[in-house]
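A.B. asks:
There are 2 protein chains.
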Amino acid sequence: MWMAELSRLSGLSVPTIKFYLREGLLPAGTATGATRSTYDESHVRRLRLIRALTDVAGLRLDTVKQVLDGIDSAESWHDAVGSAHTRLAGTGEDSAPPTEASLARVDALLEIQGWQLAPGHPQAEILARALDALDEVGHPMSEDMLWFYAHAIRPIAMEEVLWVHSDEHGEEIEADVESAVVRTILTEPVILALRRIGQENVSRQLNEPKPDVPPDMRMWPERDR
Amino acid sequence: MWMAELSRLSGLSVPTIKFYLREGLLPAGTATGATRSTYDESHVRRLRLIRALTDVAGLRLDTVKQVLDGIDSAESWHDAVGSAHTRLAGTGEDSAPPTEASLARVDALLEIQGWQLAPGHPQAEILARALDALDEVGHPMSEDMLWFYAHAIRPIAMEEVLWVHSDEHGEEIEADVESAVVRTILTEPVILALRRIGQENVSRQLNEPKPDVPPDMRMWPERDR
DNA sequence: CAATATTGGACAGTGGAACTATCCAAGTGT
DNA sequence: ACACTTGGATAGTTCCACTGTCCAATATTG
């Protein structure tokens, strides 16, 4: 297919696709002359992936590029997801580094969990930085709470890794790597949304045991559908 | 204290603080004349809160403003968190609306969970949009997986709400509301970081039962500390 | 074969977000 | 008296993610 159809199928304008080509986010098509190239289904998929990572996961384009490069060059699931997580660390990273105290807390937590992480792991730093932020605003996370989160999240991570490994039937390593990375990233909004929905529900069940709430009490605008 | 000291204590430049004042993120100080105002500890706290929400939670300034306004005007925990979640919906929201199919999936899931949410709830739409994104990139989330996530996250939300309610001793509603909202938001990076750390650990334990990994196999740069 | 449309490539321009800088007149401290 | 600080207003900067324009080469259509 040509550029025009690629634009039509992806829903993106031709200038935007050209921009992604320039930025190295989309591989070039097959040149059929000096001023013409053809594209295929892989380009459509790549464009959809770029938009999902930016629009839904909220990644920036340079992060998307690093994640995509990581997928293309990864040798294994562990490589790819680790690499993707490292790239993801960059999100909003012009703030202060974490304190030694919270880094020590994180190390201790991982120790108790039986998890070994080399010092300086980007996610450990993000975690420590978040604990610092809670301290700084005067709402520190207690050791109990942190412990609870670690234990509650552990089975999620466990199950996710097992899903991927049970999907591995020997071949299609490329597809598996992409699948693992993309699922890992795009599931983040799913988890956060489920948590927010759950909180509101539990809270409402505690606050309003009576089910007769006037419709004007609702806090979000009505959707027309 | 004066502007200069507020700047020193918060670590933000005077022009930046002036900018936050203009944007309505920081309440004005107490005017002591036409060209002078004094600020207090509450202004320092507010500035730290703004930076935590932008740097750590990745919120945009207009979202921060809505969250802060919600805290200041909320009557109850449920109000405040619900309002904050509604404001948070705006993150990355110029993309397509969710499909009817995924909205129906979400409705069914909530039904099974025993959760009642009015149609059009922003978090339900975010969830549906994320499911659509997974479909679009060719890695759909199975019903089993979605069900698993919902069940795994439910106790987290439950515990979190119970923590807040056990903290409520009658007064200091303002502080409780802020605490609940700030904790809810700033815990999101904690949860995501724990999940990523957990995944890498489970994955490594499956991939490399032998603990003698050469140091050049590590995928993140060494930190000097 | 001629007229019209499309493409790749280069480059400049736009709009939003979050600051950052400059001015100035009113006021403060010494 | 006089340098210094502040509030208020306005303009400028940087980064990001596009968007628009131009042109020569090439396809497509008549």
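In order, the protein sequence lines correspond to chains A and H.
For the first sequence, the residue numbers in my numbering are 326 to 550.
For the second sequence, the residue numbers in my numbering are 326 to 550.
A virtual CB, placed ideally from N, CA and C, is assigned to each residue, including glycine.
Using DSSP's beta-bridge definition, name the partner residues of Ala356 of chain H.
C.D. replies: Mapped onto the second sequence, residue 356 of chain H falls at position 31. DSSP lists H:Ser362 as partners of Ala356 of chain H.
A.B. asks: Rounded to whole angstroms, how far is the Cβ of Ile516 of chain A from the Cβ of Gln448 of chain H, which I believe are closer than 8 Å?
C.D. replies: Against the first sequence, residue 516 of chain A aligns to sequence position 191. Against the second sequence, residue 448 of chain H aligns to sequence position 123. Their Cβ separation, rounded to whole angstroms, is 12 Å, which puts Ile516 of chain A and Gln448 of chain H out of contact at 8 Å.
A.B. asks: Pick from A:Gln438, A:Asp365 and A:Ala453: whose alpha carbon is nearest that of Leu428 of chain A?
C.D. replies: Working through the first sequence from its first residue, we reach residue 428 of chain A at position 103. Comparing Cα-Cα distances from Leu428 of chain A to each of A:Gln438, A:Asp365 and A:Ala453, the minimum goes to A:Ala453.
A.B. asks: Assuming contact is defined by CB atoms lying nearer than 8 Å, are Leu519 of chain A and Ile510 of chain H in contact in what I supplied?
C.D. replies: Here residue 519 of chain A refers to the residue found at position 194 when the first sequence is read from its first residue. Here residue 510 of chain H refers to the residue found at position 185 when the second sequence is read from its first residue. No; because the gap between Cβ atoms is not below 8 Å, this pair is not in contact.
A.B. asks: Of all Cβ atoms in chain A, is any one closer than 8 Å to the Cβ of Phe344 of chain H?
C.D. replies: As a first step, residue 344 of chain H is located in the second sequence; it is residue number 19 there, counting from the start. With 8 Å as the cut-off, Phe344 of chain H does not count as an interface residue toward chain A.
A.B. asks: Kindly indicate which residue of H:Tyr474, H:Phe473 and H:Leu487 has the alpha-carbon position closest to the one of Met470 of chain A.
C.D. replies: Here residue 470 of chain A is taken as the residue at index 145 of the first sequence, counted from 1. The shortest C-alpha separation from Met470 of chain A is found at H:Leu487.
A.B. asks: Less than 6 Å between C-beta atoms, sequence neighbours within five positions excluded: which residues of the same chain meet that for Met326 of chain H?
C.D. replies: Counting from one through the second sequence, the residue named residue 326 of chain H turns up at place 1. The residues are Tyr364.
A.B. asks: Around the C-beta of Gln441 of chain H, are 16 or more other C-beta atoms found within 10 angstroms, so that it is buried, or is it exposed?
C.D. replies: Here residue 441 of chain H refers to the residue found at position 116 when the second sequence is read from its first residue. Per the 10 Å Cβ criterion, exposed.
A.B. asks: With the cut-off set at 8 Å, would you say Val389 of chain A and Ala409 of chain A are in Cβ contact?
C.D. replies: Taking the first residue of the first sequence as position 1, residue 389 of chain A is located at position 64. Taking the first residue of the first sequence as position 1, residue 409 of chain A is located at position 84. No, these two residues do not count as a Cβ contact at 8 Å.
A.B. asks: What residue ranges within the stretch 456–514 of chain H form continuous alpha helix (DSSP H) runs of no fewer than 4 residues, ordered along the chain?
C.D. replies: Segments of the alpha helix (DSSP H) lying fully in the stretch 456–514 of chain H: 468–492.
A.B. asks: Tell me whether Pro422 of chain A sits in a helix, a strand or coil according to DSSP, three-state version.
C.D. replies: Translated into positions along the first sequence, residue 422 of chain A becomes position 97. Coil, per DSSP.
A.B. asks: What residue range does the alpha helix (DSSP H) around Val392 of chain A cover?
C.D. replies: The residue you call residue 392 of chain A lines up with position 67 of the first sequence. Per DSSP, Val392 of chain A belongs to the alpha helix (DSSP H) from Leu386 to Ser398.
A.B. asks: Kindly indicate which residue of H:Gln530, H:Met328 and H:Ser335 has the alpha-carbon position closest to the one of Ala562 of chain A.
C.D. replies: It is not possible to answer for residue 562 of chain A, since the shown part of chain A is limited to 326 through 550.
A.B. asks: Can you give the Cα-Cα distance for Leu459 of chain H and Leu435 of chain H, rounded to whole angstroms?
C.D. replies: As a first step, residue 459 of chain H is located in the second sequence; it is residue number 134 there, counting from the start. As a first step, residue 435 of chain H is located in the second sequence; it is residue number 110 there, counting from the start. So the alpha carbons of these two residues sit roughly 19 Å apart.
A.B. asks: Run through chain H and tell me which residues come within less than 9 Å of Thr509 of chain A, C-beta to C-beta.
C.D. replies: In the first sequence, counting from the first residue as 1, residue 509 of chain A sits at position 184. Ordered by position in chain H, the residues that pass the 9 Å Cβ test against Thr509 of chain A are Arg520, Arg521 and Gln524.
A.B. asks: Would you tell me roughly how many angstroms separate the C-alpha atoms of Glu450 of chain A and Thr360 of chain H, rounded to the nearest one?
C.D. replies: The count along the first sequence starts at 1 and reaches residue 450 of chain A at position 125. The count along the second sequence starts at 1 and reaches residue 360 of chain H at position 35. Glu450 of chain A and Thr360 of chain H: Cα-Cα distance of roughly 43 Å.
A.B. asks: Counting only the same chain and skipping the five closest in sequence on each side, list residues whose C-beta sits under 8 Å from that of Ala356 of chain H.
C.D. replies: Here residue 356 of chain H corresponds to residue number 31 of the second sequence, with the count starting at 1. Excluding residues within five positions, the ones whose Cβ falls inside 8 Å are Ser362.
A.B. asks: How far does the alpha helix (DSSP H) with Met328 of chain H in it extend, from its first residue to its last?
C.D. replies: Here residue 328 of chain H refers to the residue found at position 3 when the second sequence is read from its first residue. Met328 to Ser335 is the extent of the alpha helix (DSSP H) around Met328 of chain H.
A.B. asks: Need the endpoints of the alpha helix (DSSP H) that Leu346 of chain A sits in, please.
C.D. replies: Residue numbering aside, residue 346 of chain A sits at position 21 when the first sequence is read from its first letter. Here the alpha helix (DSSP H) through Leu346 of chain A covers Val339 to Glu348.
A.B. asks: Can you confirm whether Leu374 of chain A, when its beta carbon is compared against all beta carbons of chain H, has any partner nearer than 8 Å?
C.D. replies: Reading the first sequence from its first residue, position 49 is the one you call residue 374 of chain A. So yes, Leu374 of chain A belongs to the interface.
A.B. asks: Judging by CA-CA distance, which residue of H:Tyr474, H:Gly349 and H:Glu425 is the nearest neighbour of Asp397 of chain H?
C.D. replies: Walking along the second sequence from the start, residue 397 of chain H turns up at place 72. Here the closest residue by C-alpha is H:Gly349.
A.B. asks: Exposed or buried, which one is Ser332 of chain H when buried takes at least 16 other CB atoms within 10 Å?
C.D. replies: The count along the second sequence starts at 1 and reaches residue 332 of chain H at position 7. Buried, by the Cβ-count rule.
A.B. asks: Do Gly358 of chain H and His368 of chain H have their C-beta atoms within less than 8 Å of each other?
C.D. replies: The sequence position of residue 358 of chain H within the second sequence is 33, counting from 1. The sequence position of residue 368 of chain H within the second sequence is 43, counting from 1. No, the pair does not count as a contact, with Cβ atoms beyond the cut-off.
A.B. asks: Going by DSSP in three states, Gln551 of chain A sits in which element: helix, strand or coil?
C.D. replies: Lying before the first or after the last residue shown, residue 551 of chain A is absent from chain A, which here runs from 326 to 550.
A.B. asks: Indicate whether Leu337 of chain H and Leu372 of chain H have their beta-carbon atoms separated by less than 8 Å.
C.D. replies: Locating residue 337 of chain H in the second sequence gives position 12, counting from the first residue. Locating residue 372 of chain H in the second sequence gives position 47, counting from the first residue. Yes; because the gap between Cβ atoms is below 8 Å, this pair is in contact.
A.B. asks: Can you tell me whether Leu351 of chain A is helix, strand or coil according to DSSP?
C.D. replies: To locate residue 351 of chain A, count along the first sequence from 1; it is residue 26. Coil, per DSSP.
A.B. asks: Would you mind stating whether Val406 of chain H and Val527 of chain H have Cβ atoms separated by less than 8 Å?
C.D. replies: Residue 406 of chain H sits at position 81 when you count from the first residue of the second sequence. Residue 527 of chain H sits at position 202 when you count from the first residue of the second sequence. No; because the gap between Cβ atoms is not below 8 Å, this pair is not in contact.
A.B. asks: Does Asp457 of chain A pass the burial test, meaning 16 or more other C-beta atoms within 10 Å, or should it be called exposed?
C.D. replies: Walking along the first sequence from the start, residue 457 of chain A turns up at place 132. Under this definition Asp457 of chain A is a buried residue.
A.B. asks: Can you grab the Cα-Cα spacing for the pair Thr379 of chain A / Asp387 of chain A, in whole Å?
C.D. replies: Walking along the first sequence from the start, residue 379 of chain A turns up at place 54. Walking along the first sequence from the start, residue 387 of chain A turns up at place 62. The straight-line gap from Cα to Cα measures roughly 10 Å.
A.B. asks: Please say whether His464 of chain H and Arg370 of chain A have beta carbons closer to each other than 8 Å?
C.D. replies: Locating residue 370 of chain A in the first sequence gives position 45, counting from the first residue. Locating residue 464 of chain H in the second sequence gives position 139, counting from the first residue. Not closer than 8 Å, so no.
A.B. asks: 8 Å is my cut-off, CB to CB: does Met328 of chain H come that close to chain A?
C.D. replies: For the purposes of this step, residue 328 of chain H is taken as the residue at position 3 of the second sequence. Met328 of chain H does not count as touching chain A.
A.B. asks: What separation, rounded to the nearest whole angstrom, lies between the Cα atoms of Glu503 of chain A and Phe344 of chain A?
C.D. replies: Here the question's residue 503 of chain A lines up with position 178 in the first sequence. Here the question's residue 344 of chain A lines up with position 19 in the first sequence. So the two alpha carbons sit approximately 23 Å from each other.
A.B. asks: Starting from Ala377 of chain H, find everything on chain A with Cβ-Cβ shorter than 7 Å and list it in chain order.
C.D. replies: By one-based count along the second sequence, residue 377 of chain H stands at place 52. By Cβ distance, chain A contributes Ala458, Glu461 and Val462.
A.B. asks: Please name the residues in the stretch 464–482 of chain A whose beta-carbon is closer than 8 Å to at least one beta-carbon of chain H, in chain order.
C.D. replies: So the close ones are His464, Met466, Met470, Leu471, Phe473, Tyr474, Ala475, Ala477, Ile478, Arg479, Pro480, Ile481 and Ala482.
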